Each structure stands twice: as C-alpha cells, then as structure tokens.
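Engineer: Numbered by the numbering used here, the letters in the sequence shown go through residues 710 to 1062 in order.
We put the beta carbon where it would ideally sit given N, CA and C, even for glycine.
Remember, it's a predicted structure, so these values are computed and weren't measured experimentally.
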Amino acid sequence: MEKLKIMNKHMNKQILTDTIAALIASGKGLLAMDESVETCNKRFAELGIPQTEEARRNFREWIVTTPGLNESISGAILFDETIRQQTKDGIPFTEVLLKAGIIPGIKVDTGAKDMAGFADEKITEGLDGLRERLEEYLKLGARFAKWRAVITIGDTIPTIACIDANVNALARYAALCQEAGIVPVVEPEVLMDGNHTIERCAEVTEAVLRALFRQLYLEKIFLKAMLLKPNMVIAGKDAAIQNSIDEVAEATVECFLKSVPAAVPGIVFLSGGQSPQQASEHLNAMNKTFKSRLPWALTFSFSRAIEYPAIEIWHGQEANAAKAQKALYERAKYNSAARRGEYDASMDKELQA
Ligand code: 13P
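So this is what it looks like as structure tokens:
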C-alpha cells in the first residue's frame, strides 16, 4: 500500500512536469478566457451584448475555434460554466482545444471577497470542497488550474494579515492541485489601481512573493511542478510618472530575481489592465534584454491584453466572428513574438490602426 502511494506520487510528479513542459514550450503562452459570469456580463453590457448563457457560449466558441491559435497558445484557462459547454455542433470545448493541441485549464477559486475587519482588502475563497472539484475537473479534461489572490496598494495597505491569509490559501490550493495531478498556476496579483510609484509596486510585490514562497515551502509544494502568475512591476494607473518600457522590464526582473526560486520553471504574466501593446512590449523587453540571465521561462497568461481588441470587433454579432478570430490570432502571435524577445511594435496592426 505504502509502495503504491509512493509510486502514485512519483507518477503525479511526472504528469505535472510533462504538462508544464508543454505549457511553457518555446514561443507559447496561456490564454486566460476564464472570466466569471459576472465579469463577462459586465464586459458584454458595456458593448451592448446580451448577458445570456448563449452569448457567453458563443463568445467562447469563436475563441476556441480560432484557426491557428495553437501556434502561440499552449493552454487555455476556462471558467466552470465554460468547461461544461459545447460548440453548436455538440463538441465539448475541451475536446476542441485538445484536438488543436491546446491544454484545457480551469479557474478554481470562487472569487476575491471583502476581508472581514480589513477595509479595502480582499481574501480569495474556494478551498471548501476543492479536492472533490479538482477530481471532477480532471475528468472534464483540465490539466492545470488557476487561483487568483488580489492585493491592493494604498497608504496603509496591504497589511501583513491580508498577505498572509492570501498566500496561505494559495499554498493550500497548490497542494490540492499537485495531489490531484493538476498543475497549479499560482496567481498573487498586486493591482495596478492607484497612484503609487513603480518603487512602491516593487516593494509590495517582493514582500508578497517572499511570503508566498515561504508558505509554499512550508506546505511542501513541489516548485518544479507549478507556474507563477504575477503582475509586472509597474506604476499605478493614476501615477503621475509612468516609466519607460525598459524601466518596467528591469524593475520586474530585478524583483523576481530577489524573490522567486530558480526551481520554478515558468513565470506567466497577467496583463492587469495594461493596454495590449504595453503588455507585449514589456514582456518583449524582459525576454530580449534579460533572457540569458533568467532561470525561469517568462511568458504570458493574458486575458484582456489578448481578448479585448477581438471582443470589440465581435460585438455579439455572428457576422463579425471571423474578423474577431483574426484579431485574437494576431494578438496571440504578437505575444508569442514577445515571449521570444522578437516583438516589434511596428509589426502591430493595432498600433497602426
Ligand atoms: P488580465 O490579463 O486581464 O489581467 O487577466 C489575467 C487573469 O487571468 C486574471 O486572473
């Protein structure tokens, strides 16, 4: 019995590292298409698209059937509703993705909620029943998962209590994923909201990452079998001084070299509200200038920075779907180039438009 347990553990490690190798394969990154029903509906409302299950299914159908998406995308993160949906012809989205060589993933947290007793701070929920949910998601085809913690910068926040509660949940989630043979994508997002400087973002991001890796270590997480999904180190959206592309790239790399163990195979950035071009340029500068000095692969796991231009073209109209797919394909391609350090803003059609 004990022998079998050890063997299973060993097999899980192999499954996990094989999944990771495919997810961070050269020139590839992740597509986060896991907006909750609420977030998706909010975006639809802004564009005058009906906020129905069928509209959301439609939206996800043209994304997963985008021709050539697998040239740049290795994995797609789905939402609970989406992982159960099918194309009009009755083919499950997970099957469409797998056929295209894209690994299905799943968002498993149940959202960032107000943290009791801590004004303006959030704690992410979703640990209850997670072991059973992971078992189900595995059966539905998911091979990796995502959990997003949210850290807000303010004059007196984040508090240590908020950081600790969130990294604790991230570590518990990662442990359950690894036990299930599902790769945990560990996402501690320090928000861009506010007028803080890049230095303040660096300070908070470093503190969060140090706390996170201490907790991951305590909870015996196998670092080679996880991916980190962090924010870039960047000034707040409302900050008076916005830094250059090279400054953001350098501050980000500097921060991670101080706080992320070399055993972690890959860092897959969120875009966090940057424009699609900015996100590509920052990722590109990091890979172009620093690649030879970095122990981890640096790639993308963007949502807004890949989807937004395409969703605006689609606008809920079937007739626009092919054009929207083309825009999605192109944005994914630009980020694939950025992952190799070969993106050039002059190649970017959005910028030329
Ligand atoms: P953005 O790239 O839009 O920040 O989203 C990434 C993500 O998955 C947030 O959880």
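To the nearest angstrom, how far is the alpha carbon of Asn952 from that of Ile907?
Structural biologist: Numbered from 1 along the sequence shown, position 243 holds the residue referred to as residue 952. Numbered from 1 along the sequence shown, position 198 holds the residue referred to as residue 907. Cα-Cα distance, rounded: 8 Å.
Engineer: Helix, strand or coil for Lys1035? Go by DSSP, reduced to three states.
Structural biologist: For the purposes of this step, residue 1035 is taken as the residue at position 326 of the sequence shown. Helix, per DSSP.
Engineer: Under a three-way DSSP split, which group does Gln794 fall into?
Structural biologist: For the purposes of this step, residue 794 is taken as residue 85 along the sequence shown, with counting starting at 1. Correct three-state label for Gln794: coil.
Engineer: On the criterion of 16 or more Cβ atoms from any shown chain inside 10 Å, does Ser735 qualify as buried, or is it exposed?
Structural biologist: Position 26 of the sequence shown, counted from the start, is the residue given in the question as residue 735. Under this definition Ser735 is an exposed residue.
Engineer: Leaving out five residues on either side along the sequence, give the residues of the same chain with a beta carbon under 7 Å from the beta carbon of Gly863.
Structural biologist: Along the sequence shown, one-based indexing puts residue 863 at 154. Answer for Gly863: Asp829 and Gly903, listed in chain order.
Engineer: Spatial neighbours of Arg919 within its chain, please: CB distance less than 7 Å, with the 5 preceding and 5 following residues excluded, ordered by chain position.
Structural biologist: Working through the sequence shown from its first residue, we reach residue 919 at position 210. Cβ within range, chain order: Ser968.
Engineer: For Ile812, which beta-bridge partners are listed by DSSP?
Structural biologist: Sequence index remark: in the sequence shown, residue 812 carries index 103 (1-based). According to DSSP, which records beta bridges pairwise, Ile812 is partnered with Gly784.
Engineer: Take Thr833 as the anchor and find which of Ile812, Leu807, Ala874 and Ile869 has the nearest alpha-carbon.
Structural biologist: As a first step, residue 833 must be located in the sequence shown, where it is residue number 124. Ranking Ile812, Leu807, Ala874 and Ile869 by Cα distance to Thr833 puts Ala874 first.
Engineer: Are there 16 or more other CB atoms within 10 angstroms of the CB of Arg840, so buried, or fewer, so exposed?
Structural biologist: Within the sequence shown, numbered from 1, the residue matching residue 840 stands at position 131. Exposed, by the Cβ-count rule.
Engineer: Find the nearest neighbour of Thr914 within the set Ala764, Leu900 and Gln924, judged by alpha-carbon distance.
Structural biologist: The residue given as residue 914 occupies position 205 in the sequence shown. Ranking Ala764, Leu900 and Gln924 by Cα distance to Thr914 puts Leu900 first.
Engineer: Under DSSP, the beta strand (DSSP E) around Ile978 begins and ends at which residues?
Structural biologist: Position 269 of the sequence shown, counted from the start, is the residue given in the question as residue 978. The residue you asked about is not Ile; residue 978 is Phe in the sequence shown. Counting along the chain, the beta strand (DSSP E) containing Phe978 begins and ends at Gly975 to Phe978.
Engineer: Within 10 angstroms of its Cβ, does Ser1055 collect 16 or more other Cβ (buried), or is it exposed?
Structural biologist: What you label residue 1055 is simply residue 346 of the sequence shown in a count that begins at 1. Exposed, by the Cβ-count rule.
Engineer: Under the criterion of a Cβ to heavy atom distance below 7 Å, does Asp829 qualify as lining the ligand 13P?
Structural biologist: As a position in the sequence shown, residue 829 is number 120, starting the count at 1. Answer for Asp829: no, Cβ out of range of the ligand 13P.
Engineer: State the CB to CB distance for the pair Leu843 and Val895, rounded to an integer number of angstroms; the pair is presumed to be in contact (CB under 8 Å).
Structural biologist: Against the sequence shown, residue 843 aligns to sequence position 134. Against the sequence shown, residue 895 aligns to sequence position 186. That pair is no contact at about 15 Å.
Engineer: Can you give the beta carbon distance from Arg1040 to Pro1004, rounded, assuming they're within the 8 Å contact cut?
Structural biologist: Against the sequence shown, residue 1040 aligns to sequence position 331. Against the sequence shown, residue 1004 aligns to sequence position 295. That belief does not hold up - the Cβ atoms of Arg1040 and Pro1004 are roughly 28 Å apart, past 8 Å.
Engineer: Which two residues bound the contiguous beta strand (DSSP E) that contains Asp823?
Structural biologist: Position 114 of the sequence shown, counted from the first residue, corresponds to residue 823. Per DSSP, Asp823 belongs to the beta strand (DSSP E) from Ala821 to Asp823.
Engineer: Hey, would you say Phe999 sits closer than 8 Å to Ala741, going by beta carbons?
Structural biologist: Residue 999 sits at position 290 when you count from the first residue of the sequence shown. Residue 741 sits at position 32 when you count from the first residue of the sequence shown. For Phe999 and Ala741, no; Cβs fall outside 8 Å.
Engineer: On the DSSP letters alone, give me the boundaries of the alpha helix (DSSP H) that Leu739 sits inside.
Structural biologist: Residue mapping note: residue 739 aligns to position 30 of the sequence shown, counting from 1. Segment Gly738 to Ala741 is the beta strand (DSSP E) holding Leu739; no alpha helix (DSSP H) there.
Engineer: In chain order, what residues have a CB nearer than 5 Å to some heavy atom of the ligand 13P?
Structural biologist: Listed by chain position, these are Ala741, Arg857, Leu979, Ser980, Gly981, Phe1011, Ser1012 and Arg1013.
Engineer: What residues in its chain sit with their C-beta under 6 Å from that of Gly738, if we drop five residues either side in the sequence?
Structural biologist: Looking up residue 738 in the sequence shown gives position 29. For Gly738, where only same-chain residues beyond five positions count, the Cβ hits under 6 Å are Thr1008, Phe1009, Asn1044 and Arg1048.
Engineer: Applying the 10 Å Cβ sphere with the 16-neighbour rule, what's the burial state of Ala825?
Structural biologist: Counting from 1 along the sequence shown, the entry for residue 825 is found at position 116. Exposed, because fewer than 16 other Cβ atoms sit within 10 Å of the Cβ of Ala825.
Engineer: For the putative contact between Leu778 and Ala809, defined by C-beta atoms under 8 Å, what is the C-beta separation to the nearest angstrom?
Structural biologist: One-based indexing of the sequence shown puts residue 778 at position 69. One-based indexing of the sequence shown puts residue 809 at position 100. Yes, they are in contact, since the Cβ atoms of Leu778 and Ala809 sit about 6 Å apart, within 8 Å.
Engineer: When the distance is taken between beta carbons, is Gly975 closer than 8 Å to Ile733?
Structural biologist: Locating residue 733 in the sequence shown gives position 24, where the first residue counts as 1. Locating residue 975 in the sequence shown gives position 266, where the first residue counts as 1. A contact, by the Cβ cut-off of 8 Å.
Engineer: Tell me the residue span of the alpha helix (DSSP H) that contains Ser968.
Structural biologist: Position 259 of the sequence shown, counting from 1, holds the residue named residue 968. Its alpha helix (DSSP H) spans residues Ile954 to Ser968.
Engineer: Just curious, the alpha helix (DSSP H) that Leu992 is in, first and last residue?
Structural biologist: By 1-based counting over the sequence shown, the position of residue 992 is 283. Counting along the chain, the alpha helix (DSSP H) containing Leu992 begins and ends at Pro985 to Phe999.
Engineer: Mapping DSSP to helix, strand and coil, what is Lys855?
Structural biologist: On the sequence shown, residue 855 is found 146 positions in, with the first residue counted as 1. Strand, per DSSP.
Engineer: Which term fits Arg765, buried or exposed, when burial requires 16 or more other beta carbons within 10 angstroms of its beta carbon?
Structural biologist: Locating residue 765 in the sequence shown gives position 56, where the first residue counts as 1. By the neighbour-count rule (16 or more Cβ atoms within 10 Å), Arg765 is buried.
Engineer: What is the DSSP secondary structure of Ile729, counted as helix, strand or coil?
Structural biologist: As a position in the sequence shown, residue 729 is number 20, starting the count at 1. DSSP places Ile729 in helix when its eight states are reduced to three.
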